[in-house]
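Numbering (this note's numbering), first residue to last: -15 to 139. Ideal Cβ positions, reconstructed from N, Cα and C, are used throughout, including at glycine. Notes follow once the structure below has been shown.
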């Protein structure tokens, strides 16, 4: 590898790890120091935030996250595999249109849909419910899962 590419690789590595290092460093600061603008990287370090975190019972939150992710993954697989199989064995006239539909769901960033989805979930009375997360995660990931599995099964 040439010295230029080595330099570019090190620069890319630094660009990737710098935010991670900043998050770890900031986690050892007091809340007031972490929230200052401009940030103060040389503020005194403390373990108070971690003591506060582990002094509370976080098990329900971890179980909630695990349950939502596992259930949504299983649901995506249960729905995407048959759909992808059907699309791979039966020729579709306008396959490019179908593919564009599946891919177009990823054109809109999830953050752009956050407020409308929140209002819909609120009006439906489904706030603070793990099944809401399962439904939303499944709806967000199902089109790309069908597209990827169809491409795999068509091979």
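Problem set entry | Contacts around residue 125, its chain only, beta-carbon distance under 6 Å, and the 5 residues preceding and following it disregarded | Against the chain shown, residue 125 aligns to sequence position 141. Result list for residue 125: 60, in chain order.
Exercise. So, residue 72 versus residue 138, is the Cβ gap smaller than 9 Å?
Worked result: For the purposes of this step, residue 72 is identified with residue 88 of the chain shown, where counting begins at 1. For the purposes of this step, residue 138 is identified with residue 154 of the chain shown, where counting begins at 1. Yes, the Cβ-Cβ distance between residue 72 and residue 138 is below 9 Å.
Problem set entry | residue 77 in three-state terms, based on DSSP | Position 93 of the chain shown, counted from the start, is the residue given in the question as residue 77. DSSP, reduced to helix, strand and coil, places residue 77 outside both helices and strands of the structure shown, so it counts as coil.
Exercise. If you run the structure through DSSP and keep just helix, strand and coil, what is residue 14?
Worked result: Your numbering for residue 14 matches position 30 in the chain shown. In the three-state reduction of the DSSP assignment, residue 14 falls in the coil class.
Exercise. Taking the alpha-carbon positions, what's the residue 22 to residue 112 distance?
Worked result: In the chain shown, residue 22 corresponds to position 38, counting from 1. In the chain shown, residue 112 corresponds to position 128, counting from 1. Straight-line Cα distance between these residues: approximately 35 Å.
Exercise. Do you know whose CA, among 130, 95, 102 and 101, lies nearest residue 85's CA?
Worked result: Translated into positions along the chain shown, residue 85 becomes position 101. Relative to residue 85, the option among 130, 95, 102 and 101 whose CA is nearest is 130.
For this session: Less than 8 Å between the CB atoms is what I'm expecting for residue 9 and residue 28, so what's the real figure, rounded?
Result: Here residue 9 refers to the residue found at position 25 of the chain shown. Here residue 28 refers to the residue found at position 44 of the chain shown. That pair is no contact at about 12 Å.
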